[in-house]
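Residue numbering for the sequence shown follows the numbering used here, starting at 38 and increasing by one per position.
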Amino acid sequence: MINVAILGFGVVGSGTAEVIEKNKDVIKEKTGAELCIKHILDLRDFPGSPFEKLITHDFNDIINDGEVDIVVEAMGGAHPAYDFSKAALEAGKHVVTSNKLVVAQFGTELLETAEKNGVRYLFEASVGGGIPIIKPMMSDLAQNRIDSVSGILNGTTNYILTQMSENGAEFSDALKEAQAKGYAEADPTSDIEGHDAARKIVILAALAYGKLISPDAIYCEGITKIDSKDVALAEKLGGHSIKLIGHAEKAGDKILAFVAPRLIPAANPLHDVSDVFNGILVSCDMLGDAMFYGRGAGKLPTASAVVSDVIDIAVKSEMKAASAKWEDASDSDIAPLADYVCAHYFRISGCEKCMAKVFESVERSVTENGETAFITKPISEAEAVAKEKAFAENGTKVLARIRVL
Ligand code: HSE
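Given below as structure tokens:
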């Protein structure tokens, strides 16, 4: 019998309890693991809930209970989630988390603490909701060098962009729906401004390259400036969709990582990843491209990933060789975005003549209602910024610039 304590009885915590209880039989049948929920920590009481009797308001009930093997941290936020995780690891308890903020900020330290104490710190649910991505990157792809990782990593923004492009929904209505469905963060600013995706891409970059970059150190642009005009024009210019993408790649001996809305060409497997779904494209030197796809947010999908880690611990009595070992990245490990090369979508005021004053040739263009949208050949970020300046000097307004994946 493996005893589990759950910290936080919100969307993910209550989902974890539900998955363990409802699928107890199937878990036992498939893995041999017998899971038992012993405590649930929350500030609130839950009268009438089937888990009512397990609720405690005191973390000491968990940390001092020698029978608790695994602590599931589903509190969200940095504190006290980090502090409780650290204390649990130091007390010799395994910790499983869905908290990308804590993993992105304190992952290196918590992995070290786990190793020192002979326990594990697992975080499958921190990226991609229910999609298995962390364990595959740690073990199944270990024989590959990872050239790049590009992913739709935030279900809320993908849901909003899909509602805007397919159903003509207003941004604020689509956001409200995403909140009602339990996809959004407590403060949805971190979804729509790209901070949630930034935390997730630095975790994936650490799995790929062994160094954990602070999410605050990477360029991060959300979806609040995406105009429905750009969604329509991107489609006209060769059938592109627009998605919020977290991207990481090796740039020499440095790591380049950033989050920004991107035009996705029709042939790219990320093009049709819609609604709350996430898609993560991992380019490897031996395997080639591998695509991971599934529900990126929501109660039961995320809880499914949490319980997969609980089972992983339950069925392996010894520490697995493939526990992640990271270093915190220093400034010199991070490549500047200025060198990143890709095609760019521009929307400018004026006609194609205005465009031709700055770009000798482009891949494709369309002029409508006194504005011109076009896609450039691949240019560096520094060149794209210089072109923006050149337009301004010619009296042409750059109304949008979006990088193409
Ligand atoms: N707010 C997050 C999202 C939840 O929308 O993807 C899952 O991490």
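Just so you know, even glycine gets a beta-carbon here, dropped at the ideal spot from N, CA and C.
For K529, which option in G155, I189, G407, Q216 has the closest C-alpha, if you only look at C-alpha atoms?
Because the chain spans 38 through 442 in this model, residue 529 falls outside it and cannot be assessed.
Using only the alpha-carbon positions, how far apart do I64 and A340 sit?
Going from the Cα of I64 to the Cα of A340 covers about 14 Å.
To the nearest angstrom, how far is it from the Cα of F96 to the Cα of L147?
For F96 and L147, the gap between their C-alpha atoms comes out near 18 Å.
What's the C-alpha gap between C73 and A54?
Taking the straight line from one Cα to the other gives about 9 Å.
Pick out whichever of V378, A372, G259, N315 has its Cα sitting closest to the Cα of I229.
G259
Assess contact between the region 180-190 and the region 234-254, defined as three or more Cβ pairs (one per stretch) separated by less than 8 Å. Is contact present?
yes
Less than 6 Å between C-beta atoms, sequence neighbours within five positions excluded: which residues of the same chain meet that for G45?
Hits under 6 Å: A111, M112.
Among T404, F295, G47, H76, whose alpha-carbon lies nearest the alpha-carbon of G103?
H76
Coil, strand or helix - L442 by DSSP:
coil
With C-beta atoms as the reference, is G166 less than 9 Å away from G335?
yes
Are the beta-carbon atoms of V347 and I107 separated by less than 9 Å?
Result yes, Cβ atoms of V347 and I107 sit closer than 9 Å.
With H, G and I counted as helix, E and B as strand and the rest as coil, what does DSSP make of E400?
coil
Tell me whether G192, by its Cβ, gets closer than 8 Å to a heavy atom of the ligand HSE.
G192 Cβ: within cutoff of the ligand HSE.
A7 and C257: beta carbons closer than 9 Å?
With the chain represented from 38 up to 442, any question about residue 7 goes unanswered, as that position is not in the structure.
So, at 6 Å on beta carbons, what are the nonlocal neighbours of E430 in its own chain, with the 5 sequence-adjacent residues on each side left out?
Excluding positions up to five away in sequence, the list is empty.
In DSSP terms, what V41 is bridged to:
I74, I107
Is the CB-CB distance between G192 and G52 below 9 Å?
no
Is K262 a contact residue of the ligand HSE, with contact defined as CB to any heavy atom under 8 Å?
no
When DSSP labels each residue in this structure, what does K434 get in the three-state scheme?
coil
Euclidean distance between Cα positions of Y382 and S278
Rounded to the nearest angstrom, the two C-alpha atoms are 12 Å apart.
Could you tell me if S163 is buried or exposed, where buried requires 16 or more neighbouring beta carbons within 10 angstroms of its beta carbon?
With 16 or more other Cβ atoms within 10 Å, it is buried.
Look at the alpha carbon of I39 and the alpha carbon of Q142, and state the distance between them as a whole number of angstroms.
Cα to Cα, the separation comes out at about 29 Å.
What is the DSSP secondary structure of K262, counted as helix, strand or coil?
coil
First and last residue of the alpha helix (DSSP H) that includes K237?
232-246
A141 (DSSP reduced to helix, strand or coil)
helix
Please classify C257: does DSSP put it in a helix, a strand, or coil?
If DSSP states are grouped into helix, strand and coil, C257 belongs with the strands.
Completely contained beta strand (DSSP E) runs for the region 277-353, where each covers 3 or more residues:
278-288, 291-301, 314-321, 325-332
Endpoints, the beta strand (DSSP E) within which A115 is located
Where A115 is concerned, there is no enclosing beta strand (DSSP E), given that its DSSP letter is neither H nor E.
Would the beta-carbon of T339 be found less than 8 Å away from any heavy atom of the ligand NAD?
With respect to the ligand NAD, the structure offers nothing, as its ligand set consists of the ligand HSE.
To the nearest whole angstrom, what separates the beta carbons of V105 and K123, a pair I think is in contact under 8 Å?
About 16 Å separates the beta carbons of V105 and K123, which is beyond the 8 Å limit, so they are not a contact pair.
Rounded to a whole number of angstroms, what is the C-alpha to C-alpha distance between K434 and S209?
27 Å
Hey, how far is the Cα of M356 from the Cα of E149?
Confidence in M356 is poor, its pLDDT being 44 and thus under 50, which makes the residue's placement unreliable; the coordinate value appears in the next sentence. Whole-angstrom Cα-Cα distance: 13 Å.
Output the distance between the C-alpha atoms of V378 and S176, rounded to the nearest integer angstrom.
31 Å
For A221 and C391, I'd like the C-alpha separation in whole angstroms.
41 Å
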